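>
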Amino acid sequence: MNQHLENQIDSTDIRIIDALMEDGRIAYSVLAEQIGSSNTLVHQRVRKLKETGVLMKPVYLISPEHIGYDTCAFVLMMIKEANQIHDVIEALKKIPEVVSCVSIMGRYDLMARLYAVNNKHLQDIVHDKLQAIPGVEGTNTMVAFEVSFERQAIIPDTETLNVYRSNR
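If you're matching positions, the sequence shown starts at 1 in the UniProt record's numbering and goes up one per residue.
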């Protein structure tokens, strides 16, 4: 989020975002009632949050476990040359089991999160797909025992936002 946009988000926006993250299909009239505001204000704020890119699109989240993908793993990847990172990321996007990828600092360059049916499937993904990507020099795989919780975004309170905005 850029500095200009941060200054536009207030406690009403945060309450709206929080409610929409809980239920992206909530009726604006119900949302207005929940936050003690008017239906018109909720419509205006949601439109502003969409236009500024804070709110993207509502989506259904799929539970990997409920469709047979019981193994969650994080794979750290070392990339041979810095100019290969983009190509590796593009290759990762084509692997359906990979659900996210982040660039990281330290010994490894990328961290991918993926789901597999079981440990054998995970091994096949790592050996046959990830390690076969040109530019991937090495990997380190960590299997998650359990996803304890997951958030789609951070929704700080206005006090936290104001404290850190003033420290710039």
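Where is the CB? At the ideal position from N, CA and C, for every residue including glycine. The structure presented is a predicted model; accordingly, all values stated were derived computationally and were not measured.
Find the nearest neighbour of Val-98 within the set Arg-113, Asp-124 and Glu-146, judged by alpha-carbon distance.
Working through the sequence shown from its first residue, we reach residue 98 at position 98. Looking at the Cα atoms, Arg-113 is the closest of the given residues.
> Which term fits Asp-13, buried or exposed, when burial requires 16 or more other beta carbons within 10 angstroms of its beta carbon?
Counting from 1 along the sequence shown, the entry for residue 13 is found at position 13. Buried: at least 16 other Cβ atoms inside 10 Å.
> Compare the C-alpha of Gln-8 against each of Tyr-28, Val-117, Lys-93 and Lys-50 and name the closest.
Translated into the one-based positions of the sequence shown, residue 8 becomes position 8. The shortest Cα separation from Gln-8 among Tyr-28, Val-117, Lys-93 and Lys-50 belongs to Lys-50.
> Just curious, the beta strand (DSSP E) that Ile-79 is in, first and last residue?
As a position in the sequence shown, residue 79 is number 79, starting the count at 1. 71-79 is the span of the beta strand (DSSP E), which, as asked, contains Ile-79.
> Is the Cβ-Cβ distance between Ala-91 and Ile-26 less than 9 Å?
Numbered from 1 along the sequence shown, position 91 holds the residue referred to as residue 91. Numbered from 1 along the sequence shown, position 26 holds the residue referred to as residue 26. Cβ distance not < 9 Å, so Ala-91 and Ile-26 don't count as in contact.
> Are the Cβ atoms of Met-78 and Tyr-115 separated by less than 9 Å?
Numbered from its first residue, the sequence shown carries residue 78 at position 78. Numbered from its first residue, the sequence shown carries residue 115 at position 115. Result no, Cβ atoms of Met-78 and Tyr-115 do not sit closer than 9 Å.
> Check this for me: beta carbons of Ser-11 and Thr-158, under 9 Å apart or not?
Translated into the one-based positions of the sequence shown, residue 11 becomes position 11. Translated into the one-based positions of the sequence shown, residue 158 becomes position 158. Cβ distance < 9 Å, so Ser-11 and Thr-158 count as in contact.
> Just curious, the beta strand (DSSP E) that Leu-61 is in, first and last residue?
On the sequence shown, position 61 is the one that residue 61 refers to. It is not in any beta strand (DSSP E) - Leu-61 carries neither H nor E in the DSSP assignment.
> Quick check on the DSSP output: what are the complete beta strand (DSSP E) runs of length 3 or more inside the region 119-147, in order along the chain?
136-144
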